[in-house]
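Quick note, the sequences are listed as chains A and B, same order. Each residue of the first sequence is one higher than the one before, starting from 1 at the first, in UniProt numbering. Each residue of the second sequence is one higher than the one before, starting from 1 at the first, in UniProt numbering. Note that CB positions come from ideal geometry on N, CA and C, so glycine has one too.
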Amino acid sequence: MKETTVDKILGHPLNAWYVAAWDHEVNRKPLARTVANRPLALYRTEDGDAVALADACWHRLAPLSMGKLEGRDGIRCPYHGILYNSAGRCVSMPAQETINPSATVASFPVVERYRYVWVWLGDAALADPELVPDMHQMDDPEWAGDGLTISVDCNYQLVLDNLMDLTHEEFVHSSSIGQEALSESEFTVHHDERTVTVERWMLGIDAPPFWLKNMRDKFPGFEGKVDRWQIIHFESPTTINIDVGVARAGTGAPQGDRSQGVNGYVMNTISPVTDRSSRYFWAFMRNYRLESQVITTQLRDGVSGVFREDEDMLVAQQAAIDANPDYEFYSLNIDAGGMWVRRLIERQLAAEGRLPAPVAAG
Amino acid sequence: MATSHAAVWQRATVVDSTALTDDIRRIVLAPDHPAKVDAGAHIDVRVPIGGVLDRRSYSVVDAGPDGRTLAISALDSPRSRGGARAMHALRPGDTVEITQPIVDFPLRVGAAHYVLLAGGIGITAVMGMARVLRSVGADYTLVYAGRSRPALAYVEHVQNAHGDRLRLHITDEGNPLDVTELVGGVEPGTELYLCGPIRLMDAVRRAWIERELPYPDLRFETFGNSGWFAPEDFVVRIPRIGAEVTVRATETMLEALEAAEVDLMFDCRKGECGLCEVRVLDLDGDIDHRDVFYSERQKDSRGTMCCCVSRAVAPPGGTAVVTIDIS
Numbered sequence: 001m002k003e004t005t006v007d008k009i010l011g012h013p014l015n016a017w018y019v020a021a022w023d024h025e026v027n028r029k030p031l032a033r034t035v036a037n038r039p040l041a042l043y044r045t046e047d048g049d050a051v052a053l054a055d056a057c058w059h060r061l062a063p064l065s066m067g068k069l070e071g072r073d074g075i076r077c078p079y080h081g082i083l084y085n086s087a088g089r090c091v092s093m094p095a096q097e098t099i100n101p102s103a104t105v106a107s108f109p110v111v112e113r114y115r116y117v118w119v120w121l122g123d124a125a126l127a128d129p130e131l132v133p134d135m136h137q138m139d140d141p142e143w144a145g146d147g148l149t150i151s152v153d154c155n156y157q158l159v160l161d162n163l164m165d166l167t168h169e170e171f172v173h174s175s176s177i178g179q180e181a182l183s184e185s186e187f188t189v190h191h192d193e194r195t196v197t198v199e200r201w202m203l204g205i206d207a208p209p210f211w212l213k214n215m216r217d218k219f220p221g222f223e224g225k226v227d228r229w230q231i232i233h234f235e236s237p238t239t240i241n242i243d244v245g246v247a248r249a250g251t252g253a254p255q256g257d258r259s260q261g262v263n264g265y266v267m268n269t270i271s272p273v274t275d276r277s278s279r280y281f282w283a284f285m286r287n288y289r290l291e292s293q294v295i296t297t298q299l300r301d302g303v304s305g306v307f308r309e310d311e312d313m314l315v316a317q318q319a320a321i322d323a324n325p326d327y328e329f330y331s332l333n334i335d336a337g338g339m340w341v342r343r344l345i346e347r348q349l350a351a352e353g354r355l356p357a358p359v360a361a362g
Numbered sequence: 001m002a003t004s005h006a007a008v009w010q011r012a013t014v015v016d017s018t019a020l021t022d023d024i025r026r027i028v029l030a031p032d033h034p035a036k037v038d039a040g041a042h043i044d045v046r047v048p049i050g051g052v053l054d055r056r057s058y059s060v061v062d063a064g065p066d067g068r069t070l071a072i073s074a075l076d077s078p079r080s081r082g083g084a085r086a087m088h089a090l091r092p093g094d095t096v097e098i099t100q101p102i103v104d105f106p107l108r109v110g111a112a113h114y115v116l117l118a119g120g121i122g123i124t125a126v127m128g129m130a131r132v133l134r135s136v137g138a139d140y141t142l143v144y145a146g147r148s149r150p151a152l153a154y155v156e157h158v159q160n161a162h163g164d165r166l167r168l169h170i171t172d173e174g175n176p177l178d179v180t181e182l183v184g185g186v187e188p189g190t191e192l193y194l195c196g197p198i199r200l201m202d203a204v205r206r207a208w209i210e211r212e213l214p215y216p217d218l219r220f221e222t223f224g225n226s227g228w229f230a231p232e233d234f235v236v237r238i239p240r241i242g243a244e245v246t247v248r249a250t251e252t253m254l255e256a257l258e259a260a261e262v263d264l265m266f267d268c269r270k271g272e273c274g275l276c277e278v279r280v281l282d283l284d285g286d287i288d289h290r291d292v293f294y295s296e297r298q299k300d301s302r303g304t305m306c307c308c309v310s311r312a313v314a315p316p317g318g319t320a321v322v323t324i325d326i327s
């Protein structure tokens, strides 16, 4: 096995939990969602359990997501009326007196956690709910916030690269969170088998507009220099939670006293859709002014605008990759976090026997 | 399921052949294109029978890493249609054509309780499932029933692997399987996976329905080669096209009609889909319905049959003749 990560875009591990939808999106009307190249029909039983079935009837592959829910946990194919239960077993074949014993559709393991519906498309015997990445800030009473979903036409790895190196903020997000200090400051990288951490501190700097606003929400009329941090936590294969914030300069934030600052967590989990499209679920959670719905909405809308700038760049980057199949990637020192992510994912792909990566198309 | 149903043929080399019992051999194959093997998978093998390549299905008992080797087991019984004899003749170094592992009998992980029920050679279909259920810590019972201990393949293996979770029922040791008692003791939330002869399948199905357990929780696989009677020669007449064909004990009615160039529709070849249905106009003898397509009512009416698996049975002292019409 090669140890140098050179592929531009990567295949996706299958023995992993991916978010298929926000919890509020899955209800008593079937929802069609593709995750990791597998079209799914998502719905909820009358008992409230989320279900993920392969979105193709056993018989002629008509999409079950176009069908109707029936009974406690059933879904009926909209074409010839074959009825399945939530385990994917046929319970009725309207045109005959018996049921063909092989009539099943795949029913994938589902876990509902942190306001998301997670699905496992690989070996069901390995689908341990304890492997759901830690995103506890999403529904912890000490945190408040909200998020949205971005459908982005690029390989999921490009989104991970984007989140693992935030020096791009200076150039992509110059009006909100970008500043020169980002690319000028030192950073450290750590990794283990499932995680990568990139930590960057910028001390005694001016707060960029986004952070000045947040400081003033907590400390009305705030003026002055801040210490700013970005601690990027990656958990395999596609979750990145970024501990971000600023505090009054010199009040001890690097040593652990954040009381004179504001702290947010940018929660990101990326679900591959196809090799060249991804669904990017994000939220911005904060641990101050929990009572303020106005701040929740302002932060969600503000971050949404920032991420639209990323989306434009990522789509353009994927297009350029595909338009230049004979050109390779070169790396910079700032890519260390992203390159560790790529290596961990490649190791998982190798363990699943799923290397090499998809071919970059022209 | 649909995604893994289409057969892709490839070559495989025999790497081992071992007698497990007087009638059962374990055959280990190395496919040219290995693929991961899931519980409940089978492969189809092209076997020469009477100089013609025919197709037989065998459950994958166990597999090496990434499917680089596949073990199957073949029972050569007096009721065999000839496939097992050819399989038993295979020796290391021989090559055969096989499909990729196909899962038409998937194990669902996540049920509250499981019963895996194997009659005789049916153990080959549920051993992989038992292995998965043990590894995920599921609540399962493996029930293995047969006539006599020397005829049971893998009996020591499953004793060692599954210990207290194994229930052995051996008729000639005075401990036969009581299907009513077994199904009667099933806890709510149990999925029962069954592979065995048609009499066992029928008894379990009746007991399951009698207890009003959810029918989709009764899972079974049949390769359509088990009947109520031993196969014997019989005659098929199709007056509309002036055909009369003798079906040998070693071939199916569909195979005999195909050989006679009768243009028939079919798909699954294991008595599940009902596409090979023929209308019975007249019958001298009875029908051995080996399919799972028809209801009891339909079988009792003797008006139609699935010619891919079902056969005619002779009346006392005579030869069976079935007169049919086709689509």
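Query, Result
"Measure the C-alpha to C-alpha separation of residue 258 of chain B and residue 248 of chain B and round it to an integer number of angstroms.", "13 Å"
"So within the stretch 195-282 of chain B, which uninterrupted beta strand (DSSP E) runs reach at least 3 residues, ignoring any that extend past its ends?", "218-220, 234-238 and 243-247"
"Can you tell me where the alpha helix (DSSP H) holding residue 301 of chain B begins and where it ends?", "296-301"
"Count the other CB atoms, across all protein chains shown, that sit within 10 Å of the CB of residue 220 of chain A; report buried if there are 16 or more and exposed otherwise.", "exposed"
"For residue 274 of chain A, which of A/20, A/18 and A/156 has the nearest alpha-carbon?", "A/156"
"DSSP three-state call for residue 23 of chain A: helix, strand or coil?", "helix"
"Of all the residues that make up the stretch 164-195 of chain B, which are near chain A by a beta-carbon distance shorter than 7 Å?", "none"
"Would you call residue 174 of chain A buried or exposed, if buried means 16 or more other Cβ atoms sit within 10 Å of its Cβ?", "exposed"
"Determine the DSSP secondary structure at residue 218 of chain A, reduced to helix, strand or coil.", "helix"
"What's the call for residue 18 of chain B, buried or exposed, on a 16-neighbour Cβ count within 10 Å?", "exposed"
"Could you name the residues that DSSP lists as bridge partners for residue 274 of chain A?", "A/277"
"Keeping to the same chain, check which residues put their C-beta closer than 8 Å to that of residue 304 of chain B; ignore five residues upstream and five downstream.", "277, 278, 279, 280, 294 and 298"
"Please identify, using Cβ separations under 7 Å, the residues of the stretch 44-68 of chain B that lie next to chain A, in order along the chain.", "66"
"For residue 327 of chain B, go through chain A and note every residue whose CB falls closer than 9 Å to its CB, in chain order.", "Per Cβ cutoff of 9 Å: no residues; residue 327 of chain B is ~16 Å from chain A at best."
"Going along chain A in order, which residues have a C-beta closer than 9 Å to the C-beta of residue 295 of chain B?", "96, 97 and 98"
"Give me, in chain order, the residues of the same chain whose beta-carbon lies closer than 7 Å to that of residue 227 of chain B; leave out the 5 immediate sequence neighbours on both sides.", "198, 288, 290 and 311"
"Any beta-carbon of chain D closer than 7 Å to the one on residue 216 of chain B?", "The displayed structure is made up of protein chains A and B, and chain D is not among them."
"Specify the secondary structure class of residue 140 of chain A as computed by DSSP and reduced to three states.", "coil"
"For residue 91 of chain A, return the contacting residues in chain B, with the cut-off set at a CB-CB distance below 9 Å.", "214, 215 and 216"
"Along the chain, where does the beta strand (DSSP E) containing residue 49 of chain B start, and where does it finish?", "41-49"
"Can you tell me where the alpha helix (DSSP H) with residue 302 of chain A in it begins and where it stops?", "293-323"
"By Cβ distance below 6 Å, which residues in the same chain neighbour residue 50 of chain A in space, the five residues on each side in sequence not counted?", "26, 44, 110, 112 and 117"
"Could you give the DSSP three-state label for residue 170 of chain A: helix, strand or coil?", "helix"
"Can you list the residues of chain A that residue 258 of chain B reaches, using a CB-CB cut of under 8 Å?", "None at all; the shortest Cβ gap to chain A is about 23 Å."
"Grab me the residues of residue 287 of chain A's own chain with a C-beta within less than 7 Å of its C-beta, minus the 5 sequence neighbours each way, in chain order.", "142, 143 and 263"
"For residue 329 of chain A, which of helix, strand or coil comes out of DSSP?", "coil"
"What are the residues that DSSP puts in a beta bridge with residue 113 of chain B?", "B/190"
"Would a check of beta-carbon distances place residue 220 of chain B closer than 7 Å to chain A?", "yes"
"List the residues of chain B that residue 101 of chain A touches, going by C-beta distances under 9 Å, in chain order.", "104, 105, 218, 219, 220, 221, 222, 272 and 292"
"For my contact list, residue 231 of chain B and residue 79 of chain B are in at a C-beta cut-off of 8 Å; report their separation, rounded to the angstrom.", "6 Å"
"If you compare alpha carbons, which of A/207, A/60, A/63 and A/29 is closest to residue 71 of chain A?", "A/29"
"Please list, in chain order, the chain B residues whose beta carbon lies closer than 8 Å to that of residue 62 of chain A.", "Neighbours of residue 62 of chain A on chain B: none; closest Cβ ~11 Å, over 8 Å."
"Count the other CB atoms within 10 Å of the CB of residue 201 of chain B; is the residue buried (16 or more) or exposed (fewer)?", "buried"
"Check the Cβ-Cβ distances between residue 353 of chain A and every residue of chain B, and say whether any is below 7 Å.", "yes"
"Is residue 64 of chain B closer than 7 Å to residue 36 of chain B when the C-beta atoms are compared?", "no"
"Using a Cβ-Cβ cutoff of less than 6 Å, which residues in the same chain neighbour residue 62 of chain B once the five nearest sequence positions on both sides are dropped?", "71"
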